[in-house]
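Taken in order, these protein sequences are the chains called A, B, C, D, E and F.
Once you know that position 127 of the first sequence is 183 in my numbering, the rest is easy, because the numbers rise by one and skip nothing.
Once you know that position 174 of the second sequence is 230 in my numbering, the rest is easy, because the numbers rise by one and skip nothing.
Once you know that position 187 of the third sequence is 243 in my numbering, the rest is easy, because the numbers rise by one and skip nothing.
Once you know that position 279 of the fourth sequence is 335 in my numbering, the rest is easy, because the numbers rise by one and skip nothing.
Once you know that position 31 of the fifth sequence is 87 in my numbering, the rest is easy, because the numbers rise by one and skip nothing.
Once you know that position 216 of the sixth sequence is 272 in my numbering, the rest is easy, because the numbers rise by one and skip nothing.
Ideal placement from N, C-alpha and C gives every residue a C-beta, glycine not left out.
Quantities reported herein were computed from a predicted structural model and do not represent experimental measurements.
Number of protein chains: 6
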Amino acid sequence: MNKVVTFGEIMLRLSTERHLRFGQSKAFAATYGGGEFNVAVSLANYGIDAEFVTRIPDNEIGHCALKEMRKMNVNSSNVLFGGDRLGVYFLETGAGNRGSNVVYDRANSAIATVEPGTFNWEKIFEGKTWFHFSGITAAISENAEEECLIAIKTAHKLGLTISCDLNYRSKLWKYGKEPKDVMPEMLKYCNIILGDIDTAFFMLGKEKINPDYTDEASLPSLYGKLFELCPNLKVAATTLRYSISASHQRIGGILFDGKQIYKAAVKEITPVVDRVGTGDAFMGGLIYSLIKDTNNKQKALEFAVAACCLKHTIVGDYNLATLEEVENIINGDGSAKVSR
Amino acid sequence: MNKVVTFGEIMLRLSTERHLRFGQSKAFAATYGGGEFNVAVSLANYGIDAEFVTRIPDNEIGHCALKEMRKMNVNSSNVLFGGDRLGVYFLETGAGNRGSNVVYDRANSAIATVEPGTFNWEKIFEGKTWFHFSGITAAISENAEEECLIAIKTAHKLGLTISCDLNYRSKLWKYGKEPKDVMPEMLKYCNIILGDIDTAFFMLGKEKINPDYTDEASLPSLYGKLFELCPNLKVAATTLRYSISASHQRIGGILFDGKQIYKAAVKEITPVVDRVGTGDAFMGGLIYSLIKDTNNKQKALEFAVAACCLKHTIVGDYNLATLEEVENIINGDGSAKVSR
Amino acid sequence: MNKVVTFGEIMLRLSTERHLRFGQSKAFAATYGGGEFNVAVSLANYGIDAEFVTRIPDNEIGHCALKEMRKMNVNSSNVLFGGDRLGVYFLETGAGNRGSNVVYDRANSAIATVEPGTFNWEKIFEGKTWFHFSGITAAISENAEEECLIAIKTAHKLGLTISCDLNYRSKLWKYGKEPKDVMPEMLKYCNIILGDIDTAFFMLGKEKINPDYTDEASLPSLYGKLFELCPNLKVAATTLRYSISASHQRIGGILFDGKQIYKAAVKEITPVVDRVGTGDAFMGGLIYSLIKDTNNKQKALEFAVAACCLKHTIVGDYNLATLEEVENIINGDGSAKVSR
Amino acid sequence: MNKVVTFGEIMLRLSTERHLRFGQSKAFAATYGGGEFNVAVSLANYGIDAEFVTRIPDNEIGHCALKEMRKMNVNSSNVLFGGDRLGVYFLETGAGNRGSNVVYDRANSAIATVEPGTFNWEKIFEGKTWFHFSGITAAISENAEEECLIAIKTAHKLGLTISCDLNYRSKLWKYGKEPKDVMPEMLKYCNIILGDIDTAFFMLGKEKINPDYTDEASLPSLYGKLFELCPNLKVAATTLRYSISASHQRIGGILFDGKQIYKAAVKEITPVVDRVGTGDAFMGGLIYSLIKDTNNKQKALEFAVAACCLKHTIVGDYNLATLEEVENIINGDGSAKVSR
Amino acid sequence: MNKVVTFGEIMLRLSTERHLRFGQSKAFAATYGGGEFNVAVSLANYGIDAEFVTRIPDNEIGHCALKEMRKMNVNSSNVLFGGDRLGVYFLETGAGNRGSNVVYDRANSAIATVEPGTFNWEKIFEGKTWFHFSGITAAISENAEEECLIAIKTAHKLGLTISCDLNYRSKLWKYGKEPKDVMPEMLKYCNIILGDIDTAFFMLGKEKINPDYTDEASLPSLYGKLFELCPNLKVAATTLRYSISASHQRIGGILFDGKQIYKAAVKEITPVVDRVGTGDAFMGGLIYSLIKDTNNKQKALEFAVAACCLKHTIVGDYNLATLEEVENIINGDGSAKVSR
Amino acid sequence: MNKVVTFGEIMLRLSTERHLRFGQSKAFAATYGGGEFNVAVSLANYGIDAEFVTRIPDNEIGHCALKEMRKMNVNSSNVLFGGDRLGVYFLETGAGNRGSNVVYDRANSAIATVEPGTFNWEKIFEGKTWFHFSGITAAISENAEEECLIAIKTAHKLGLTISCDLNYRSKLWKYGKEPKDVMPEMLKYCNIILGDIDTAFFMLGKEKINPDYTDEASLPSLYGKLFELCPNLKVAATTLRYSISASHQRIGGILFDGKQIYKAAVKEITPVVDRVGTGDAFMGGLIYSLIKDTNNKQKALEFAVAACCLKHTIVGDYNLATLEEVENIINGDGSAKVSR
């Protein structure tokens, strides 16, 4: 049976409600999330044995994050206590042509200040088959980046499948290194990469490109370069996102397995209840599908797109759609009738 | 003056808010509703003398339901106390391509466990002109079904107009009888039936059909069979519902009076605030219009469709649209300007 | 540096939430606003020195309004205490084809009962460059209308630019005078007028017209008549509003400067979070742009339209969009991506 | 069977929650109440046929008040529509040594502006046995006072028992008359009066006194003077209230029936959930008890005190305590165990 | 290391907030709890390995209960899915002299309808040292009672310590058996019993007694009879509860170990935030202390009393007080200073 | 006219509501406060011209804090933008014997990382008469401490009255210096000091003492030592706080002016709505009174105690009691009757 480990940061998210702006809010909804944790929740919801590894402060707010992991059935047995604070981010949810707004307050978090070598990855990976991380972990601090690289190398050594969501965030990467300084080393161990091709090229320190995803014939060679740069790569996937407005998105996907291009039809999403974490929902769906049937790439892509679509209707950072709900979308039933 | 009696169940509805899923909710909005009660509320809002007959438990929750009836100006003077519990249903309101979700917890409710013969229908129907019930009452328990049949027969004997909303719910009908065992007897007394033709055929135990409502020429003979099976039938109407997503519905309607087909133009509904009870709003509008002008079938159908549309914008089970608001929609003003 | 004074009423707004109807609401959201105050807030948000002049009662509710002015950085140093009550209005926010509903309860408010001559306009206007008022102030009471006229004349004498939003409200004008009795005198001092041409004609006591805003060639002569009737007029602007439903609006604009017609492209707004005050947001944007670059009429109109669009996504009476957000819309980015 | 009519004003109450001050509140809880309506609700709760007569505006807010009457099972069949507004009051609930704060905004309400002679009291009182009013109705406007006097005289002529709660409010009585100008005429028809002796003397235009309620021997002659001034008086009762803090009250009572003094033991109330309407709860309890057993004055007083105590634990203007709960308090069980 | 298993029902609790009565509530706070689950949560909070065994329906509401178990770190690996519904109870929280009100709607719950023999207790108890149940499980249905007896006998056979909280609920026991029919058999295996002596005698079918807990000398013989009737009994404890009002409780305790009486000083509790589950908090504290130091009976009793006190300040069914907080109370610091 | 400047940190406070624990909360109430800001708000409420000086980040959360300053009528014209984050603290409000709990997350805040010398104190103090700071500013970082010392010395040079609230927080002082390293230098310029004598001695690096405030005769010599150590000291005051429980406090006060001891009677406070900021309310009251009548020390102390008491009933960090409310308490009316 497959067992997946994800590593990264879990934050307290403080969001305004009912489209209020920050300055109007007398209360913030408090939830907990973070890219790699969100992936673990998706997997746990689909029935996969999923574990999240991080460090949280040993205070009441850290314990809230731990309760959330347990509630969502994510294994937290290798979570460490330490550091001074849980990272925080503030979210103002937009509408129509007013975009959502994120204010990060995550510097010096428990995981950002972890001493590299703190986690016993050999032990953590015992009996595990898959390791997932994202570019965010490499972006928050040098310490986190170094710890992540140790994890990647250990996972590689132990034969785990390794996946990465590139997740470039321009507001992070403040600690003195650029993506091209660290990501090439990390990505070379990866078997599955999710991200835009141009982001991948940027992170790998290559020349800037402007991929045209509608020009299907051009894609194999573009993705092919990625395969050249990442010798362990088996699957590269991209979420196609067309942002009509904060309340209306269109989502499709592309996948390349080194041999052929797979495409998923673009789906309309309106209204958008919560835009955050929809990429993580895609990633979670992709991992799940590849675990279940590694050879059915078309299904994997469609599952990822459908999961991503459903996440847009769900409040909070992580996807709460069930396996059955995702399957229904794939099977063409997006009519969303009342079940009664 | 017309006086209408409806008979059925009123439930406590517990719904999540702001699109939260069940597992995210720390509170449930508490409202009260049920198919036949919802129809009575619609009629009371339009100025009709409407009475709702049911049984509720003599506990605090039952009294909450009674307060709701009074608040909505629905006559409750023949409501009986008894039984152990008020039926409950849980509602998770969907959005976009995530459908709404209903969890019923209505078994063994006060009305489901009523002893047939408990209500004094002769007295209840004194001075009344119309009796309405729905297929839900026949579906919840044998006791309720038998009591309902007594009511129907008494209403027929006393010369009341009888209407039925077929309202097939696959999650009910658990007590050992199928629709075809009881509905034919009930429907034969009915003067007005609301429902899909295929549902009607199914409930009447006939062969399955797939009506094509866009093939207008085929409809007279299809509805005609219904008229053959239900000798008292005067009007058969169908709500045409096209579910684009949980947030986007398209509603039209068809009516057959034994002679000709009437059609109402399809209206766009976006966003959907609350999908539940929109069929009851259609029924309420139909009864009201037929009472007001029994000969104007086209107006009756358009009124029902407009009422149904407006209900989609209203929180809770029953329709709160005013007569004036429904008329405005019929008169083509759906632009919904601010009234000031 | 430009300093703007606006004069009018600030009210307590009590609105239902989550699309509830009045009869369903156990609580009302309490905010504070009013046409001319809303304009002042817009200007303050854009960095303009803006002052609001009014009279409020010296009770706790009046002080709440004062706190709101301060919070929004609107100069309140000439606000007077007096009178018995703050005006109130109730708002039920619609959705889809159910329109929003306003119940006014603003009669006998502190500003409506002000004794004409109460404010020392000579002193208030010291160092100020712009005076703004609206047709609402003329509509609430004879006292307010007379005070407003004193303000207008004083502003004119002192050489301030004068702007007016016609803002016709049929539910007001209850004190015995009609618009044509007072507005012509007021408008003759105005340099900028915002409103529909037919409303302007109506308020000026002229024959009713039905302008066709799509017939661009016809507009110069129509607006030209306005310029004839208002000898100080420099700019006349009109918000083009197409109300598809309470949740879907389309907004464009037209501006005439005595020489040529400027047009702004129509923008789609869906969903509408809050429809109230969108005209004030237009006005605020127009004043700001004309102050910043009085010669760029095209930019002024586009800024006004963009500000108006963004206001539809913001809860409450006044616009909270930032300068940067408005500029982004003008520059064509309505895709509303998450900023992170 | 006894049927009681009360006459007065019903207002929209807008209160802050969780001890917030006005300036901190972004929302107000909306409930409906008023002295005489509150008495009617108490009686309806105890099973008495109770009717409330008033005038409300024919707008959405007026209809909310009507819904509340119906919900609480108070007969509203003689409520008239008319006037411009429903009276409003704002309530800031105190705690500890910070008192609650009321801001009235009730001038020019529908009932305050009623034309005397509007109500058909002869018809209203048909089949009724008891009429209740309070000093508030006399205080809000001359029109209301005159209408109330017509009601009183008609009730007297038709032989109804008449009760009055003196309810002196210094913030009212703004219309040019003082209590001593109108209350003597009103009180001379009264059979039951609730109020402090000094308030009664003040309203009757007599010299100021300082009654010492602990000097039991002095009370018969003090109350006796009241009986002299009010020839129809049968029962005079006083709520003894000791306000330790906004959260801690002590309530007792005294009753004089022209022959002897009855006393009810003082009860501790902590915490106070809602102080408003506790006097009306006393009045409602007194009327109920006197209807049920006119001769048991001791029981009547104790019932009134117990009802008053329980009201302090209930949110809103009127008492929701059940007959059984009041009886339990009288029978000495204030331990308030969980019922399960 | 000790591992505790508790067996019973977990319910959805729907409670009114801010002291509202049922009929005033438009929403119910939704939490999950039940006597034996609450004990498990207490133990998990103190660091004990605690497992809860029950049956829940395989619907969304059942899954909510499961999420709650996980969140609270209670082992749920032997929870079964089955049955039709999760039990529900409604709670109206009182204040002052108005008591809290519970409406049970728990008949036919998943655990009440479990087929005896469904659970594999031999396997469940592997590696476990303690089994806890309560009289509620015996009261809800014959099926639950029989399953519980199987568990008790299996636990006894396997040498686990067995504890029982008598928890008599007069509103339960509806299935045809009385406590005396089943409790004697159950209690004879128990090592620790919590309850009033008179309740114990009643459940054991003995003559009614009226123990005077202040007469310390009388207690050894009273408890001694219990020890005679329950041959395995080692510790009998009683929570002394003095209910001054719904907001003010006084809590003490008595414990008898077959040899001597231990007493804990009575503590004042004001205000009471949530009265429900305080007995379970006592039980949880008692089990924890006896596990940690079985010989220190005085400490065990004081720990149980302190835990019970703290629970009164916590919303929901189960105790969230930490080990440190309980210890602080025992050490005499109830001054509750701000920790900062 | 007196003008007061306070200097320190303003934080975002995130607090649970309705006594929920952190782990139960799905939302945090968001308010803004901090010791020295709270003092400025008190003064502004009493009509004093009060300014707050700090540094806030130029992001949305920083702007929220700025809006709060303006709303509360506190001059913010010398507030600087800079740094990365606004300090945050989490508050769990206790009840009964469960204390409130504060989790600080204020490290690296905008003010803690300010470069000493950033503020232009000479300019800030122009026309000002009083400077207030507290021991918290010295505790948060070396930078803040150094900036504060510059401010103190400048204020002293310019002849302002200087006051300090010692405000010892053991969870702060993490940056390498102890109070005794910096406070003696700061306090030697102070004219008014608020704090416990033992805290003062501790901060001044003197031997630990255990003052007995009930031994009045001992106090002059104890406070006298403070006067010896602080050559500019004119008034030393101490808040006497007796914490009965989190919901019940008793507050008194002592003041020494170098010549005699003044005492204020102890007041009962129950319930405590919000304990935070009550010391700042004391300080604000003390400064106000000394400004108004520097010679009436008894009145100053009583005003401070009354203000402190009232703050306990007010949600949030700062005091919203009005001058009139404080005066009423001093004049002995703590009965908190409803004002209507």
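Pairing residue 117/C with residue 159/D gives a Cβ-Cβ distance under 8 Å. Excluding sequence positions up to five before and after residue 275/A, its CB lies within less than 6 Å of the CB of 317, all in the same chain and listed in chain order. Comparing C-alpha distances from residue 176/C to each of 370/C, 258/C, 110/C shows the shortest one belongs to 110/C. A check of alpha carbon separations from residue 88/B across 229/B, 81/B, 65/B identifies 65/B as the nearest. By the beta-carbon neighbour count (other beta carbons within 10 angstroms, threshold 16), residue 193/A is buried.
Of all residues in the region 366-377 of chain E, only 366, 368, 369, 370, 371, 372, 376, 377 come within less than 8 Å of chain F when Cβ atoms are compared, listed by chain position. Apart from sequence neighbours up to five positions away, the residues of its chain that approach residue 332/F with a beta-carbon distance below 7 Å are 147, 373, ordered along the chain. In the DSSP secondary-structure assignment, residue 217/C is bridged to 186/C. The secondary-structure analysis by DSSP pairs residue 293/C across a beta bridge with 250/C, 311/C. The alpha helix (DSSP H) runs of length 4 or more contained entirely in the region 317-362 of chain A are, from start to end of the chain, 334-348. Residues are counted here when their Cβ sits less than 9 Å from a Cβ of chain C; for the region 126-148 of chain F these are 126, 127, 128, 129, given in chain order. The shortest C-alpha to C-alpha distance from residue 122/A to any of 312/E, 121/E, 128/E, 236/E is the one to 128/E. Not a single CB atom of chain A sits nearer than 8 Å to the CB of residue 65/F.
Cβ proximity to chain B below 8 Å picks out 123, 124, 126, 127 from the region 111-127 of chain D.
Contact annotation: the region 359-368 of chain C does not touch the region 73-83 of chain D, with fewer than three C-beta pairs closer than 8 Å. By the beta-carbon neighbour count (other beta carbons within 10 angstroms, threshold 16), residue 107/E is buried. At a Cβ-Cβ threshold of 8 Å, residue 362/C and residue 394/C do not count as neighbours. With three or more CB-CB distances shorter than 8 Å, the region 213-230 of chain D counts as touching the region 183-190 of chain D. Proximity of residue 333/F to chain A, defined by a Cβ-Cβ separation below 8 Å, is not satisfied. With a cut-off of 8 Å on Cβ pairs, the region 192-211 of chain D is in contact with the region 236-251 of chain D, counting three or more such pairs. Cβ contact annotation for residue 78/C (same chain, cutoff 8 Å, sequence separation greater than five): 72, 146, 148, 157, 159, in chain order. In its chain, beyond the 5 residues on either side, 197, 198 have a beta carbon closer than 7 Å to the beta carbon of residue 231/F. With fewer than 16 other CB atoms across the displayed protein chains lying within 10 angstroms of its CB, residue 57/B is exposed.
Per the coordinates, the alpha-carbon of residue 283/D lies some 24 Å from the alpha-carbon of residue 307/D.
Listed along the chain, the chain D residues whose CB falls inside 8 Å of the CB of residue 75/E are 329, 369, 370, 371. Counting only Cβ-Cβ distances below 8 Å, residue 154/A has contacts in chain C at 366, 369, 370, 377, 381, 392, in chain order.
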